[in-house]
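In the UniProt record's numbering, the protein residues as written are 1 to 157.
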Amino acid sequence: MTLNSQVVVKIKRLNDNAKIPRYEHPGDSGADLVSIIDYTLQPLERFAIATGLSAEIPMGYELQVRPRSGLALKHGITVLNTPGTIDAGYRGEIKVILINLGSEPFHIVQGQKIAQLVIAPVILGQFQEVDELSPSIRGSGGFGSTGVSYVEVKGDG
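Next up, the structure:
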């Protein structure tokens with residue numbers, strides 16, 4: 001297996017209990033982020049969980065904070081602003097905004113994996129104001145305009 005090129009992200013511990021993000025398995029795209037606090041997240045409560053880390057991200061990249069699928073499926077715990085964006089110029093503490101969509105309180109303990117950190121390239125757009133846009137098949141159809149199900153139609157063929 002060949003690894004893609006790697007990008008160096010400098011990480012600073014702001015707390016002795018902070019854990020440097022790491023990939024659990026070869027080929028993983030997300031490195032685990034760990035809580036440095038104990039906290040009980042009540043149903044429908046959202047809270048910014050401290051990681052005790054700050055980062056220096058190279059220009060042209062961002063860090064994305066994403067949910068852990070196991071926490072989402074088993075407990076209804078997810079990252080509220082998925083994906084959370086950490087811009088290259090930010091040097092403050094990385095915090096994870098978790099929300100409990102489950103029906104039971106969820107206990108987060110210090111050292112627990114709470115989210116994943118993914119590094120992604122940033123492509124800047126050049127926003128150009130115009131008087132008209134070219135037409136498209138979809139047009140201005142918005143939410144739900146493409147229907148709610150897919151039914152395969154078989155011919156007599």
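Even glycine gets a Cβ: it sits at the ideal position worked out from N, Cα and C.
Keep in mind that this is a model prediction, so the values were computed, not measured.
- According to DSSP, is M1 helix, strand or coil? Translated into positions along the sequence shown, residue 1 becomes position 1. Caution is warranted here: a pLDDT of 43 is assigned to M1, below 50, making its placement in the model unreliable, and no coordinate value can be reported.
- Item | Length at least 4, wholly inside the UniProt domain "dUTPase-like" (17-147): the alpha helix (DSSP H) runs in chain order | With a minimum length of 4 residues, the continuous alpha helix (DSSP H) runs that stay inside the UniProt domain "dUTPase-like" (17-147) are 69-75.
- Message: Using C-beta distances below 7 Å, list every residue in its chain close to N81, excluding the 5 sequence neighbours before and after it, in chain order.
- Response: Your numbering for residue 81 matches position 81 in the sequence shown. Exclusion of the five residues before and after N81 leaves I97 as the residues of its chain whose Cβ lies within less than 7 Å of its Cβ.
- In whole angstroms, what is the alpha-carbon distance linking R46 and P21? Start at 1 with the first residue of the sequence shown, and residue 46 comes out as number 46. Start at 1 with the first residue of the sequence shown, and residue 21 comes out as number 21. Cα to Cα, the separation comes out at about 23 Å.
- Message: Determine whether the beta carbon atoms of A64 and V118 lie at a separation below 8 Å.
- Response: Here residue 64 refers to the residue found at position 64 when the sequence shown is read from its first residue. Here residue 118 refers to the residue found at position 118 when the sequence shown is read from its first residue. According to the sequence provided, residue 64 is Gln. The question's Ala does not apply to it. Going by C-beta atoms, Q64 is nearer than 8 Å to V118.
- Query: Apart from the five residues on each side of it in sequence, which residues of its chain come closer than 8 Å, Cβ to Cβ, to A50?
  - Reply: Here the question's residue 50 lines up with position 50 in the sequence shown. N15, S35, I36, I37, E93 and K95.
- Message: In this structure, how does DSSP classify Y150 when only helix, strand and coil are distinguished?
- Response: Position 150 of the sequence shown, counting from 1, holds the residue named residue 150. Coil at Y150, not helix or strand.
- Message: Rounded to whole angstroms, what is the Cα-Cα separation between G141 and E129?
- Response: Position 141 of the sequence shown, counting from 1, holds the residue named residue 141. Position 129 of the sequence shown, counting from 1, holds the residue named residue 129. One C-alpha to the other measures close to 21 Å.
- Buried or exposed for T85, please, with buried defined as at least 16 other CB atoms from any protein chain shown within 10 angstroms of its CB. The residue given as residue 85 occupies position 85 in the sequence shown. With fewer than 16 other Cβ atoms within 10 Å, it is exposed.
- Task: Work out the CA separation of A120 and L73 for me, nearest whole Å.
- Result: Here residue 73 corresponds to residue number 73 of the sequence shown, with the count starting at 1. Here residue 120 corresponds to residue number 120 of the sequence shown, with the count starting at 1. So the alpha carbons of these two residues sit roughly 25 Å apart.
- How big is the Cα-Cα spacing for R13 and I108? Reading the sequence shown from its first residue, position 13 is the one you call residue 13. Reading the sequence shown from its first residue, position 108 is the one you call residue 108. I108 has its alpha-carbon roughly 20 Å from the corresponding atom of R13.
- Message: I'd like the list of long-range same chain contacts for H75, defined as Cβ closer than 6 Å, with 5 residues on each side in sequence excluded.
- Response: Counted from its first residue, the sequence shown places residue 75 at position 75. Excluding sequence positions up to five before and after H75, its CB lies within less than 6 Å of the CB of G102 and F106, all in the same chain and listed in chain order.
- Can you tell me which of I11, V8, N17 and A55 puts its alpha carbon nearest to the alpha carbon of G111? By one-based count along the sequence shown, residue 111 stands at place 111. The candidate whose alpha carbon is nearest that of G111 is N17.
- Task: Report all residues from its chain with a CB closer than 7 Å to the CB of A55; omit the five preceding and five following residues, and keep chain order.
- Result: For the purposes of this step, residue 55 is identified with residue 55 of the sequence shown, where counting begins at 1. Only residues of its own chain outside the window of five on either side were considered, and among them V9, K10, I11, L63, I86 and I94 have a CB closer than 7 Å to the CB of A55, listed in chain order.
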